[in-house]
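Chemist: Have a look at the structure that comes next, please.
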Amino acid sequence: AASGHEGAGDHTCRVLAFALDVRKSTQGMQMPNGDSLKMRIGLHCGPAFTGVVGLKCPRCCFFGDTVNVAARMEQNGLPGEINVSERVRQAVEAARFTQDVDQSFGSCSSVVKSCRFHPRGRIDMKGKGHLETFLVDPSDAALQTLAEEKGKKNEEETIDPLAQTITNVRLLPFTQIKSSQSQSQSQSRPSTPSPPKPPVVITSPASSSSSSSSCPTEAALKEAAAAFLTASQLFHSAVQKTGRCGGVGCGDSG
């Protein structure tokens with residue numbers, strides 16, 4: 480719920496007193512299943528805009544970042560507790576040393592004098608980052624929950640440096656490690672010129688005896704291709720006549 484005020488300086492105290500009364504009135508209520516009714520209440524104060532929205536069903540709505548932060552305070556609160564922001568705490572604390580509290584609202588003056596704010600720490604809230612929050616007059620169960628949250632947070636802070644160290648370790652493939660080792664070894668050794676490799680010479684039987692050229696002639700290549708084609712044709716004709724493959728590598732020893 481969002482509410483404006485008529486310019487009174489103790490409007491934050493009035494809202495806080497209302498929240499305390501709501502929590503007190505719901506403590507004895509039970510749900511249909513028998514569980515106790517526990518409400519989460521979140522408070523935040525600041526500038527906001529209001530206006531009547533709708534034609535068929537007009538309604539007064541509040542807009543602004545203040546409304547969103549108050550909603551985050553409620554969503555990140557504890558059951559049966561009042562979760563407030565740093566700005567609310569400062570406003571209530573400041574009212575204790577001023578005369579802004581209207582004495583006609585007796586509950587407001589008592590709230591200003593008696594309420595206590597228990598620091599909950601910085602809570603990560605969606606879209607708002609880490610915000611400092613406080614619980615107003617928390618119960619023993621809430622204090623136990625806060626102690627458990629603090630212990631868990633300390634454990635995470637202890638584990639995070641080790642996890643960060645493990646994350647920074649980058650595993651390299653074996654080939655990359657081997658190449659890096661060979662590079663380091665080559666850098667440590669003095670560089671010596673390697674002997675030139677002998678050229679590769681390809682010769683054919685026909686041209687080696689009649690010609691001193693290092694490459695086969697065009698006539699020799701044509702002759703070899705014609706011989707291969709003739710042998711292939713003879714092989715296929717033999718297979719068609721006999722119906723079996725008797726050559727080497729055809730799966731038959733005959």
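Here the numbering used here is used: the first residue of the sequence shown is 480, the next is one more, and so on.
Ideal placement from N, C-alpha and C gives every residue a C-beta, glycine not left out.
Owing to the predicted nature of the structure, the values given are computational and were not obtained by experimental measurement.
1) Please classify S564: does DSSP put it in a helix, a strand, or coil?
2) Less than 8 Å between C-beta atoms, sequence neighbours within five positions excluded: which residues of the same chain meet that for R566?
3) Count the C-beta pairs between the stretch 556-576 and the stretch 613-633 that are closer than 8 Å, then say yes if the count reaches three, no if not.
4) Using the beta-carbon count (16 or more within 10 Å), is T709 buried or exposed?
5) Assign D603 to one of three DSSP states: helix, strand, or coil.
6) Could you spell out where the beta strand (DSSP E) holding C540 opens and where it closes?
7) Within its chain, find whatever has a CB closer than 7 Å to the CB of P530; leave out the 5 residues flanking it on each side and keep chain order.
8) Leaving out five residues before and five after R538 in sequence, what residues of the same chain have Cβ atoms less than 8 Å from its Cβ?
9) Is it right to say V501 is buried, meaning 16 or more other beta carbons lie within 10 angstroms of its own, or is it exposed?
10) Using a beta-carbon distance below 8 Å, is Q506 in contact with chain D?
11) Have a look at A698, R493, G630, D603 and flag the residue whose alpha-carbon is nearest the alpha-carbon of K571.
12) Out of curiosity, what's the CA-to-CA distance linking R595 and L534?
13) Please report the straight-line C-alpha distance between K503 and N512, rounded to a whole angstrom.
14) What did DSSP end up calling L522 once you bin it into helix, strand or coil?
15) What number of angstroms, rounded off, separates the C-alpha of S564 from the C-alpha of L610?
16) Under a Cβ-count criterion, where at least 16 other Cβ atoms within 10 Å of its own Cβ denotes burial, should D544 be classed as buried or exposed?
17) Can you tell me whether DSSP reads F497 as helix, strand or coil?
18) Answer yes or no: do A496 and G521 have a C-beta to C-beta separation smaller than 8 Å?
19) For S504, which three-state DSSP category applies?
20) Might you give, ordered along the chain, the residues of its own chain that have their beta carbon closer than 7 Å to the beta carbon of M510, omitting 5 neighbours on each side?
Modeler: Short version:
1) The residue labelled residue 564 in the question sits at position 85 within the sequence shown. Reduced to three states, the DSSP call for S564 is strand.
2) Here residue 566 corresponds to residue number 87 of the sequence shown, with the count starting at 1. H523, C524, G525, listed in sequence order.
3) yes
4) Translated into the one-based positions of the sequence shown, residue 709 becomes position 230. T709 comes out exposed.
5) Here the question's residue 603 lines up with position 124 in the sequence shown. It is a strand residue.
6) Walking along the sequence shown from the start, residue 540 turns up at place 61. C540: member of the beta strand (DSSP E) spanning 538-542, first to last residue.
7) To locate residue 530, count along the sequence shown from 1; it is residue 51. The sequence given here places Gly at residue 530; Pro does not occur at that position. Closer than 7 Å at the Cβ level, and outside the excluded window around G530, lie C540.
8) As a working mapping, residue 538 is identified with position 59 in the sequence shown. V531, V532.
9) In the sequence shown, counting from the first residue as 1, residue 501 sits at position 22. Looking at its Cβ environment, which holds fewer than 16 other Cβ atoms inside 10 Å, V501 is exposed.
10) Within the model displayed, chain D is absent; a lone protein chain is all it includes.
11) Within the sequence shown, the letter at position 92 stands for residue 571. Sequence check: residue 571 is Val here, not Lys. Answer by Cα proximity: R493.
12) For the purposes of this step, residue 595 is identified with residue 116 of the sequence shown, where counting begins at 1. For the purposes of this step, residue 534 is identified with residue 55 of the sequence shown, where counting begins at 1. C-alpha separation (whole angstroms): 44 Å.
13) Walking along the sequence shown from the start, residue 503 turns up at place 24. Walking along the sequence shown from the start, residue 512 turns up at place 33. Approximately 21 Å between the Cα atoms of the pair.
14) Position 43 of the sequence shown holds residue 522. Correct three-state label for L522: strand.
15) Taking the sequence shown and counting its residues from 1, one reaches residue 564 at position 85. Taking the sequence shown and counting its residues from 1, one reaches residue 610 at position 131. Those two C-alpha atoms are separated by around 8 Å.
16) Here residue 544 corresponds to residue number 65 of the sequence shown, with the count starting at 1. When all chains shown are included, D544 counts as exposed.
17) Looking up residue 497 in the sequence shown gives position 18. Reduced to three states, the DSSP call for F497 is helix.
18) Your numbering for residue 496 matches position 17 in the sequence shown. Your numbering for residue 521 matches position 42 in the sequence shown. G521 is positioned such that its CB atom lies no closer than 8 Å to that of A496.
19) As a working mapping, residue 504 is identified with position 25 in the sequence shown. Correct three-state label for S504: helix.
20) For this step, residue 510 is matched to residue 31 along the sequence shown. L516, listed in sequence order.
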